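Residue numbers (full-length UniProt numbering): 1 to 455. Every residue, glycine too, gets a C-beta built ideally from N, C-alpha and C. Keep in mind that this is a model prediction, so the values were computed, not measured. Everything below concerns the one structure shown next.
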Ligand SMILES: [Cu+2]
């Protein structure tokens, strides 16, 4: 396959880079043109204070982790000049965005890695409004673990009716009590639920207090940018409705008791903020993630906006769809010689384990779909651990599950519970070779990934 040429940095490198001296943010580049949604995005090391009084040697986008929030509008082009100031190769994948393969950011599948000192121009049209995110698709447990994750918001074409919104990026850092990184992937954990970090943050702050205007309806965009953790979101006592799941609108409905937001997934909530002075807890199960504090507002009280307009995703026709089965299995002891640069393989899809060191895996797709064909995928989790199953390039519709009632909805990631079987459907309308994988990063890196070709 021919790849889009990478660019070596010339005179451009110094442009707009602000050196803030030792200990501070080493690089920062903001949005360069509000009208055209153009960004310069730099991946670079920087010092982050997660644990008070201690420095964590993070990697970030534009000097922050999670990275700077990118914004576009539905139907507009997003142009991002990505500059690699890390000491190792990387790429950017745009999670949930339906785009041409050459912009998808998968090394050796859609592009060559962006080497240190190089840049790559990502340019694509944002067809769907919603909450998406971006991250490398290379050395993922380390690169995402160190902080290379960031939110991407595509605003609705017409005003949505929300006057207020907040973005909350969730991440549980692999750091010790002094802020030093611990292992991002431990083999015995990779073989189980995945390697969990210890310090949970929202927008890089542990248990922050967010001030919200009393009496208003506020849109809360929650992004799970973590490698491993499924957050069991709840907001006791709050008047909260779900407006979108993973970037695609749903008919607004109450949040209910709890929503399980797996790695890579997003949820768009609306909250009617109570009277000034009141506080609510956003929680993960019984554990507080953030305090939502109501502060006085001079605005007239807000009302619930109408449902968000559906995105232009092709509707699969189940009467003509072909059914394909995918088994997600634990693969007892497939271990390469680790001393000689091999790595662990604990997981497989339909008997095939992806090898992250083998650049030719994508030449052997696990399924080949006909362009514009209609398909039902039956997803069977044969294991005790849950897998957030993500497909690149196309949205799919979740149809049913043998474990819970499903109101069918479009998404890019489905949290397949332990021993669950679910059915999803899609129209294969985007030609290319697309990654189909678990978003628990060390499951993905130990085999739980495959390529699906659309030709
Ligand atoms: Cu998994």
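6 Å CB neighbourhood of residue 362 in its chain, flanking five on each side removed:
Non-local beta-carbon contacts of residue 362 in its own chain, meaning distances under 6 Å to residues more than five positions away in sequence, involve 109, 433, 451 in chain order.
Taking 8 Å as the threshold (C-beta atoms), are residue 60 and residue 197 in contact?
no
Distance cut 6 Å, beta-carbon to ligand 1 heavy atom: residue list by chain order
Any residue whose Cβ sits closer than 6 Å to a heavy atom of ligand 1 makes the list: 387, 438, 440, 443, 448.
Would you kindly check if the distance between the Cβ of residue 190 and the Cβ of residue 442 is under 8 Å?
Cβ atoms of residue 442 and residue 190: closer than 8 Å.
Reducing DSSP to helix, strand and coil, say where residue 356 ends up.
coil
Look at residue 218 and residue 165 and say whether their C-beta atoms are less than 8 Å apart.
Their beta carbons are under 8 Å apart, which means residue 218 touches residue 165 by this criterion.
Using CA coordinates, which residue listed in 192, 115, 445, 141 is at the minimum distance from residue 183?
141
Could you say if the region 343-354 and the region 323-330 meet the contact criterion of at least three C-beta pairs nearer than 8 Å?
Cβ pair count under 8 Å is three or more, so yes.
Going by C-alpha distance, which of 381, 375, 106, 99 is nearest residue 435?
106
Cut-off 8 Å between Cβ atoms - residues of its own chain near residue 416, not counting five sequence neighbours on either side
328, 379, 381, 386, 387, 388, 389, 422
Short Cβ contact (8 Å threshold) for residue 137 with residue 149
no
Could you give the residue range of the alpha helix (DSSP H) that holds residue 145?
Judged by DSSP secondary structure, residue 145 falls within the alpha helix (DSSP H) whose first and last residues are 140-145.
Under 8 Å between C-beta atoms, does residue 307 make it to chain C?
As a matter of chain content, chain C is missing from the structure shown, which is built from one protein chain.
In chain order, which beta strand (DSSP E) runs of at least 3 residues are fully inside the region 180-237?
Fully enclosed beta strand (DSSP E) runs of 3 or longer: 199-202, 209-213, 217-224, 231-234.
I'd like the span of the beta strand (DSSP E) that includes residue 435, first residue to last.
432-438
How many angstroms separate the CA atom of residue 48 from the CA atom of residue 67?
12 Å
Whole-number beta carbon distance between residue 116 and residue 139, since they are thought to touch under 8 Å
Not confirmed; about 13 Å, so no contact.
With DSSP as the reference, identify every bridge partner of residue 40, one or two as the case may be.
81
At what residue ranges does the UniProt domain "Plastocyanin-like" (349-454) contain a whole run of the beta strand (DSSP E), taking only runs of 3 or more?
367-369, 374-381, 387-391, 396-401, 409-411, 413-416, 421-427, 432-438, 449-454
On the criterion of 16 or more Cβ atoms from any shown chain inside 10 Å, does residue 28 qualify as buried, or is it exposed?
Any answer about residue 28 is weak, because its pLDDT of 33 lies below 50 and its placement is not dependable; what the coordinates show is given next. The residue in question, residue 28, is buried, as its Cβ has 16 or more Cβ neighbours within 10 Å.
Tell me the residue span of the beta strand (DSSP E) that contains residue 284.
279-284
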